[in-house]
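Encoded as structure tokens, the structure appears first; notes follow it.
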Amino acid sequence: MTVDFASPLPVYEQIKKNIKQAIARNIIQENQNLPSIRDLAQFLKINPNTVARAYRDLTQEKIINGRAGVGFWVEKSEQLDLKKKDILREEFFKFTEKAIEMGFSRRQIKDLLDSFFPEGDDK
0 MTVDFASPLP VYEQIKKNIK QAIARNIIQE NQNLPSIRDL AQFLKINPNT VARAYRDLTQ
60 EKIINGRAGV GFWVEKSEQL DLKKKDILRE EFFKFTEKAI EMGFSRRQIK DLLDSFFPEG
120 DDK
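If you read the sequence shown in numbering that gives the first Met the number 0, its first letter stands for residue 0, the second for the next number, and so on.
Structure (structure tokens):
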């Protein structure tokens, strides 16, 4: 995980976004422990309060859960599945927006998306 100190997006929001994307991509699994606030703060060379704020927001969004002495972990819930879809939708929007800027038609974008799936694979 990295943060960009030059970004207009606050560092705690970058942490939240990184964690959400890692969950959506199954890099971080359900029930998997997250780094402690102190460990992540040391790794990123930031104030622990910044990590605590990100974790607090993610807890309020029901994406992670935490308990004193145990740490934080990824929550399994319908809310998490919806968040994964939201993240994917956001990434897909960026992709299609970029493709349109490059001059691709709607049909070409659909064909490109279809090319990622083998024939007959309707899963």
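Cβ atoms here follow ideal geometry from the backbone N, Cα and C, with glycine treated the same way.
query = In the DSSP assignment, what are the bridge partners of R66?
reply = R66 is bridged to G70.
request  = Using the Cα positions of K39 and A51, report the straight-line distance between them to the nearest angstrom.
outcome  = It is worth fixing the name first, because residue 39 is Leu in this sequence and not Lys. Looking at the two C-alpha atoms, the distance is approximately 10 Å.
query = Got a sec? Which residues, its chain only, sit under 8 Å from I99 by beta carbon, not counting five neighbours each side?
reply = Scanning its chain for C-beta atoms nearer than 8 Å, with the 5 sequence neighbours on each side dropped, one finds around I99 the residues I108, in chain order.
inquiry  = Using only the alpha-carbon positions, how far apart do N25 and V69 sit?
reply    = Going by the C-alpha atoms only, they are around 22 Å apart.
query = A5 lies in the alpha helix (DSSP H); which residues open and close that run?
reply = Per DSSP, A5 lies in no alpha helix (DSSP H) and is assigned neither H nor E.
task = Please confirm whether M136 and L43 have their CB atoms less than 8 Å apart.
result = The displayed coordinates of the chain run from 0 to 122. Any statement about residue 136 would go beyond what the structure contains.
query = What is the rounded straight-line gap between the Cα of P47 and the Cα of E90?
reply = Looking at the backbone, the Cα of P47 and that of E90 are separated by about 29 Å.
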